[in-house]
Structure formats: C-alpha cells, structure tokens
Amino acid sequence: MRGSRTRSIIAAAIAAALLPSLAMAQETAAGGTTTSLDKVEVTGSRIKRTDVETVDPIQLFTAEDLSKQGYATLYDALSNLSVNTGIFIGEENTNNFNANAQALNLRGFGPGYTLVLLNGKRMPLMPKPAGNISGNIINLAMIPSSAVERVEVLTGGASAIYGSDAVAGVVNVILKDDIDETTFKYRYGDTVHGGGRSDNFTVSSGFSHGDTHLSYGLEWDKREPIRGNQREWFSDPSKSPDPDYRGAEQVMSFWDRGAPGGWGLLDLGSRCDALGYEAVRPGWAGPGSEKYCGDNIFDTYTVRNGRERLFGFANLTHDFGAHRLQANLMSSRSKADAGLYRYSYGVDYDVLEDANDLDSEWYGSRQVWRSFRDFETPTSNQHFNETSHVFSTSLSGPLGRLDYNIGYTYGTYRYTDSVVRFDDQTMMGLLFGEKGTDWAQPWAPDRWLTVSRDSLDANLLPGGLDYFGAITPEMLASAARTSVGKGRSTSQSLSADISGEMLQLPAGPLNFAAVLEVSHDTYSFLTDQATVDGEIYGWSGIRGQGRRNRYAGGGELAIPLASADSAIGQVDAKVAARYDFYDDASSVGGASTYQVGLTWKPIDALMFRVSRATSFRAPDMHVMFAERSSSYTSATDFLTCVQTEGIKAGESWQGCGEKYGTGSIRQYSEGDPDLREETGYTNSIGMVAQLGKHHSFTLDGFRIYLEDQVGVIGAYTVVQYAAECQLGFNAAGETVDINSPKCREMLSRVTRNNKDRVTSAITSPFNTGMRQQDGFDFTWNSRYEGTPYGDFAFRFGYTHILKTLERYLPEDEVTDIRDAQWNNEFRTRSYGTISWALDRFNANLHINRLGSSPERWADTYKRMPAWTTANLSLGWRFGDALWAGLSVANLLDRKPNMVDSEKWWPYADISKYNPAGREYFLTLEYKLK
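Start counting the sequence shown at 35; every next residue gets the next number (the working numbering).
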C-alpha cells in the first residue's frame, strides 16, 4: 500500500501536462481491449522489442514521410535532416575527388564517421577515396528511392553494437519486402531556370505462392545537368559583387617572366576577336595597352551532374514452419558526366641562344598559357561509370525459447572515371620542337624549360604550333591522353546471432542477444601510371589497394530493474559490449567498446533516458595503403612574403595570400599502415513524452568525443610550418626552434627550385586530432485523424550545436571552433512538415531551415543569415488505381545567400546552399491489384 502511494505522488508531479494520455490509457483499460504488438529489431540493438523508443535516440522516417518532404531522391531527403549539420562537397563542386558522389555528414565529423547500413548490414564502399590520403564513403546515390521502406537514424555512437565507424551516428536503410501489388510510376521534373530536367520510371510488384513471397522492382532515372551559366545570378562574370572581378575570365595570355615581380603582361589583344574572345586589360595591371584574351568560361561547369541510372531490387522469403529463409538483392548502374573548368595548358621557358648551354646568351623569359573549349579539344567533361551489387541471405527462427539468425552478405562496387588531358612532354614537343635539340628541361622535374632562340618567332612565341591561333582537335590529337581511374571494392560478412529471454527477474524477463561476425573487405583504386607519375599535365591520380579481415563478438543485455507497477515506475537498463579484432596492416589489433544505458518511465506517457557508449573507428584502408601519388594544389609562400615585405614578429601575415601565392605545386602523398584506431564516446541524456492522444516529443542532449583522429597536414600547412621554422617565429609572433623535431620534419617536406619558388610539398596521415561536440536534438510529432476536415499531421526536428572543441596537432591548444570563420558546419538546423489529407486529396508543406553561417572569405568576421526553403507537394487519387501528384521544391525560388565577399564564380557558397532554384515534379502512379 505504501509503495503504491509513493508512486502516485511521483506520477502526480508529472501528470498535469500529460493528463490526456493518462485518460486515454484508462479508457483502454476500462474497455478491456488489449493490442498485441509484434516484436521487431530496432537500429541500435539486436534485441527484438515492441517499444520503438529506447535508450538510444532514433529518428524513424517511412517512405511516406520522406515523400512528403517533396524531394526527388533519398539523398536529398536525408541530407536535409536536422542532425546532418556537416556538409559534403560532391557534385556541386566538380573539381574534387567526389564529383559524382552523395554522402551524409552527421554532426560534422565527416562522412566516414556515420555508419550507413542496408537492412542492418554493411554496404561496399565507393572505391575512389575522398582525397589523396582520405577515406572511402558510402555513396547514397546508388540506393534507389523506390526500394526504400523506411530509414532509421541513430544519432550517436553505436560501436558496441556495430563496431567501427558508428561514431557520429548510424543510418539504416530498410528495403521493401512485402509488395503485393503491381505499381507503375512515372515522374517528370524540371527547373524553372533551365537545365536539370529529369525523368524517372519505376515498376514494382510482388506475389505469394504458398509459403513463398517475392517482391521486386526496377527504377530508371535520367537527369540533365545544370550548367554554370544557367542561373541568372552566376551566368557570367558581370554578376560578381566586386567590380574588379567582373571582366571576362582569362583564357589566353602571354607573359614576360623576367619582368619586375616575375609577371609582365604582353599584348595579345589583336588575336582575341578572330577567336571569339574579348581583349581585356585587367584592372590590377594598371595603366598600359597590353591585353590578354577573355571569355565567359562558366558554360563548361556543372553545379549538378547529368546522369542516367538503372536500379533493380528483389526480396524473397520462404517460410519453413516457424523458420524463415530470406534473400535480397539490390543492383545499381550509373553513368554520369561532371562538367569541369576549361582545361588549360601553360609553360614557362627561358630563351637562350642554345637551349642546352645555360651560359649562352639569354633573350628573356616567357610563359604561354591557354585554355580550351570543347570544340578545340574535348577536355571539359569527366565521365563516370559505376556498378554496385549487394546480396544478402539469412535463415532465422526459434531455437527452443530463443531466436536465432544466421546471415551472409556480399557486396561489390566497380567504379571508373575518365577525362582527356595532355601528355606534358608531347605538348612541349608540339610547341617547341625536338627535346634535346630545340629545347631542354635542365631543372627537371621542374617544368621551367630552356628554348633555343631559333625555335621561336620574332615575338619569342612557340614556332612549332600557332598556340594563339585557331586550334582543332586534330592539331592536338598526338598529345591527348585519356586519364583513367579504376576501382573495385568488396565486402563480405558472415554473422550468427541469438537472442531471447535468459531468465525471469522480479521486474520482468532478462533479455539478451549475442553475435559473432567475420568479415573480409577489399578495395583497390588505380589511376593509370602516367597520370600518377606526373606525365599528364594539370591532372593528378592516386593508387592504392589493400584488404582486411575482421573478427568480432558481442553481447547485449536488456535488464528490467523495476516494473511498471512499482513505486518508482518502470526502470530498464541496457548493457552491451563488443570486441573487434582487425587482421590487417594497421596497429589496431583489437578494439573493445561498451555501452551502458538506463531508461525510467514514471508513467506510461513519459520516459527519461541516459547512456554512455564508447566508439572507435579503424583507419580507412586507403589511408593505410595509398601508394605514393601526387596532385596539384596551391599554397601561400609565407617565407617569401615575410622576407620581402619585412614583416616583423607579431605583425599580421593576413595579406600574404593576395600577393604570394605559390601557383600550382605538386603535393606528394602516401599512406601509413601503422595508424591506430580513433577512439571516443557518446554521452546522451534525454526524454520522450506523449502529450495526450495527438502530440509527442523527444529532447536529447549529447556529447560526442573522439581522440587520435586521423588527419593529414595539407601542403598549405606544411609550407607555412616550414616558413615559420626558417623565420624563427610563427604567424602569432611566437618563437619557433628550427632544430626542433617538428621543424626538421616540415623543412624536409618542402622543395624549392633554383629561383627559390615552392615546387612541391609532402603530406601524410597521422593520429593526432581531437574533436568534441556538445548539443541537443528536439523532435515533435502531432497527429489528428478522423476530424470533419480530414487528417492532419505535423513533424518538426531541430538540432543545436552548443560547442565544438577541436585540436589538430598535439601541441595545439583545444579551441572552440563552432563559430570559426572557416568552419562550414551549421550550428543549428531544423525542418518541419505539415500534412493534410481529405478524402482523395492530400497536401504537404515541408520547410527546411539552415542556421546562420560564417562568410568564409570575409575580411572581418561576419555571418550570413539563416536560409529557409519550402517544398509543397499535392496529390489527388482518382480511384483505387490512379494517383497524380505535383511537387515543387524551393517553392519561393530562394537563391543562395549572396554576400560581397563571394567575388568568384559562382558568387555564393553552393556547397551549403542548393543552387538549383525552384524545381517541380509531376508524378503519375497506377496500381494493378
């Protein structure tokens, strides 16, 4: 009696706000009806249960929920979730390693720190890594929207259940497996500003025969590109907010490299008009008549790739009494083109009486430079061919009082990219003649040449080819090479798990799950050797290949500590542990993780939860196995800047980047097989509440911590560190010891030529970084069904980052980078979806808000305002068979935030803000029963 009274007192303190829920529960009890719910496995646990809300914060989105958002693809919908605070630079910036990929970046830790599963199993990674020394990602562009039943998003670490990579969260894509009707669907899409037309056709069906059921489907998707001159706000250079950047872009120029400062413009103005170019005198050149040729070059860029994709999926189940055999297959084929910048070729040369005699008479130093249109040489498109297959099968059923599941998964991903570029030596021969006779390369591998005077015309221009005249593909065919990168990855896993009730405790059954896993993963990505060796001008390649085996065992307990009718209400604990052993070249060896969590339900409508889960991430295979490769990059020559400008210790280096850029330099990189695993944890505390019949919310605070994070010091930083060592002080004015281990290392990584210009830098990965993020997630759901005015629903999600602590090098201080100017992560994100259905009509309004963000190029710290877009979708059912819909994405046609500091094309940060503008989709769906 006393226990009951105590629990009533506790409940009364909370019940006022939740009174309608309690009333509903009492009515159900009075009516004497009981609903039996099937137990299901929820992401973040291997124990089947009826409760959707557990100690792990999980956001669940059905296919219907995703379609209500009004986006065309699965990636578009998931990338706009509030927890996806980081950005992923993919097809909107085609001059990068992931120019045809789509990946999530939960919490801004990076795409590789979010584990993406397909039906709870790992998928093969995209073979091409995200950089010279970088990880591989899961490409969501290879998952068809038509195959998706639902998506479960766990918003914290879960290595104790899934092992490596589950640091910032887990995204589990569940495919359809119970289709029992034939559906044809066609969707037509287009943008109001041109480009981007899309056509999508899907057919899905399924049938049963006895104890066997088969579901299957096909999806064909084709999309035209959006080009860099198809939006009014970035169509040509006149759109730049800075008048100094509104002139036609340089496409053909001739330079006196012996002039003061090393760059003296020589006149090409008379050659421009005949080629369809504009003669331009740049403002920075000051008074004078010398001009280069300019043009609007934006037509070759794409801000969204053209592509054609074909998907197929099938799911087969067969029941043997209480046992089930299940098999599913998903296959994807994609062809795409990314529009690149206009490819250019340039070369510096000293003019000597005899190219092979450095002491012969010197006539000057020159540079010729030209970019090419596709009709001159087809070099502005990168082509992609990708194919992936994922097959899995499992046998499950009861084993006495327990349930078992034995599963096997095999996935493979094949990838090829190609682009036309020039063989450097062949192009030099076309321009100057025979190497060793007409020209020489005495400072190789530096590309600065010596050319004999009699190999040039009177203006010291190349005599072998009229480089500033009309060019045809045939003229350059002997130098054209197709640079090809080919990759393949595989992923195999065999797992066996068992779960069920272990014993009966006073508060209820003690449930458990145990799992054993064996996996074998491989990857290779091989760019042709000529590209990797630097024989191809202006393009770079990477090579690497490796394999790893992983063995894992884990267990999980769901422990009832107090029953629902106890004095304090229901209390449950979760305890999970896992051990992963890596049989590869890394220094990981074994990695142990655990999770301890607690939930408390003082009343049925309210739950509090708290959890601590450790996590780890094994080094990416490419980070370990990358062969020595190179790429082109640029840096700032701080050493020359400080010495030339006479900058003293403590004075600002801010202006060095404007005048002392290195230009294009080689960045050499290679992997390190001795890397350790990254380790960390997630702490979370939150609550779940049901408010009456119609409303519910979740509120969860989190801290995600990671140490020994693998990082790469890029060429820019290496060059800066080397400069600080030689100068004896750093950019902050602090003293630097040139004899320190760090200085000896950094100085050995930078190469300068005989003219004291930086020509290359060496980078490599290492375990060094630390990152911690604190914040909270809030979700709200409301639903009114059966009203005289139809059914209404509202869904809202909000994420707020409170702080993000980071340390890059061990000697660096830990700093809060949440508001740093260079940090491209949003500190707040939110969305809301309002739905209304009345008879045959339905309408949905989805609003997405990106919080304020720093201006990346501003001279002083500034923030851009929040950016809000709205999507509207309408549908009408003409009968049981036919449905038609209209969706409009970016209903108000919002342009990206335009600020004065975005001087360069596309005059906005389109890595954050979608540049497509308003886009509409018309859909017809027909069902055969």
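C-beta: ideal position from N, C-alpha, C; glycine also.
{"Check": "Grab the span of the beta strand (DSSP E) containing arginine 577 for me, first residue to last.", "Outcome": "577-596"}
{"Check": "Check for me: the alpha helix (DSSP H) holding alanine 194 runs from which residue to which?", "Outcome": "193-196"}
{"Check": "Using a Cβ-Cβ cutoff of less than 6 Å, which residues in the same chain neighbour aspartate 214 once the five nearest sequence positions on both sides are dropped?", "Outcome": "Gly240"}
{"Check": "As a quick exercise: from Ser198, Lys273, Ala827 and Ser179, pick the residue whose alpha carbon is nearest that of phenylalanine 235.", "Outcome": "Ser179"}
{"Check": "Taking DSSP as the reference, what is the three-state secondary structure of methionine 364?", "Outcome": "strand"}
{"Check": "Could you check if tryptophan 901 is buried or exposed, using at least 16 other CB atoms within 10 Å of its CB as the buried criterion?", "Outcome": "buried"}
{"Check": "Below 6 Å CB to CB, which residues in the same chain sit around asparagine 132 once its five sequence neighbours on both sides are set aside?", "Outcome": "Gly124 and Ala164"}
{"Check": "Taking DSSP's pairing of strands, which residues face tyrosine 715 in a bridge?", "Outcome": "Thr648 and Tyr739"}
{"Check": "State the Cα-Cα distance for the pair glycine 463 and tryptophan 403, rounded to the nearest angstrom.", "Outcome": "15 Å"}
{"Check": "How big is the Cα-Cα spacing for cysteine 306 and lysine 682?", "Outcome": "45 Å"}
{"Check": "What are the partner residues of phenylalanine 241, as DSSP defines its beta bridges?", "Outcome": "Leu248"}
{"Check": "To the nearest angstrom, report how far apart tyrosine 447 and alanine 137 are at their CA atoms.", "Outcome": "16 Å"}
{"Check": "For asparagine 390 versus alanine 474, is the C-beta spacing smaller than 8 Å?", "Outcome": "yes"}
{"Check": "So that I know if they touch, is there some Cβ in chain D lying closer than 8 Å to that of arginine 341?", "Outcome": "Absent from the structure: chain D. Only one protein chain is present."}
{"Check": "Between which two residues does the beta strand (DSSP E) containing tyrosine 832 stretch?", "Outcome": "824-841"}
{"Check": "Is it the case that the segment 215-233 contacts the segment 667-675, given that we only count it when at least three CB pairs across the two stretches are under 8 Å?", "Outcome": "no"}
{"Check": "What does the alpha-carbon distance come out to for the pair alanine 523 and asparagine 583?", "Outcome": "The sequence shown places serine at residue 523, not alanine. Approximately 14 Å between the Cα atoms of the pair."}
{"Check": "Between the C-alpha atoms of glycine 322 and arginine 315, what's the straight-line distance to the nearest angstrom?", "Outcome": "8 Å"}
{"Check": "Kindly list the residues whose CB is nearer than 6 Å to the CB of isoleucine 868, restricted to its own chain and excluding five residues on each side of it in sequence; keep chain order.", "Outcome": "Phe828 and Leu879"}
{"Check": "Please work out which residues of its chain come closer than 6 Å, Cβ to Cβ, to arginine 928, disregarding the five sequence neighbours upstream and downstream, and give them in chain order.", "Outcome": "Thr903"}
{"Check": "Between threonine 713 and arginine 863, what straight-line distance do the alpha-carbon atoms span, to the nearest angstrom?", "Outcome": "27 Å"}
{"Check": "Which partner residues does valine 454 have in the DSSP bridge list?", "Outcome": "Thr516"}
{"Check": "Go ahead and pull the three-state DSSP assignment for serine 686.", "Outcome": "coil"}
{"Check": "Just checking my contact of leucine 300 with methionine 286 at CB under 8 Å: how many whole Å lie between their CB atoms?", "Outcome": "Actually they are not in contact, since the Cβ atoms of leucine 300 and methionine 286 sit about 12 Å apart, beyond 8 Å."}
{"Check": "So which of Phe425, Ala372, Pro822 and Tyr442 has the shortest CA-CA distance to asparagine 130?", "Outcome": "Ala372"}
{"Check": "When the Cα atoms are used, what is the spatial distance from alanine 504 to aspartate 451?", "Outcome": "30 Å"}
{"Check": "List in chain order: all unbroken alpha helix (DSSP H) runs of 4+ residues lying wholly within the segment 754-792.", "Outcome": "775-782"}
{"Check": "Would you mind sorting glycine 856 into buried or exposed? The rule is 16 or more other CB atoms within 10 Å of its CB.", "Outcome": "Reading off the sequence, residue 856 comes out as tryptophan, not glycine. The residue is exposed, with fewer than 16 neighbouring Cβ atoms inside 10 Å."}
{"Check": "What does a CB cutoff of less than 6 Å around serine 645 pick up in its chain, not counting 5 residues either side in sequence?", "Outcome": "Val89, Gly631 and Ser718"}
{"Check": "With distances taken Cα to Cα, identify the nearest neighbour of arginine 874 among Gly909, Tyr842 and Tyr865.", "Outcome": "Gly909"}
{"Check": "Where are the beta strand (DSSP E) runs, 3 residues long or more, that stay fully inside the segment 107-188, in chain order?", "Outcome": "148-152 and 182-188"}
{"Check": "On the three-state DSSP scale, how would you describe valine 201?", "Outcome": "coil"}
{"Check": "Does the distance from the CB of isoleucine 835 to the CB of glycine 809 come in under 8 Å?", "Outcome": "yes"}
{"Check": "So, with DSSP's three-state summary, where would you put glutamine 11?", "Outcome": "For the chain, the structure presents residues 35 to 963; residue 11 sits outside this window and is missing."}
{"Check": "Checking the sheet assignment: what are the DSSP bridge partners for tyrosine 222?", "Outcome": "Asp233 and Leu956"}
{"Check": "Report the start-end ranges of each beta strand (DSSP E) in the segment 472-532 that is 3 residues or longer and not cut off at the edges.", "Outcome": "483-486"}
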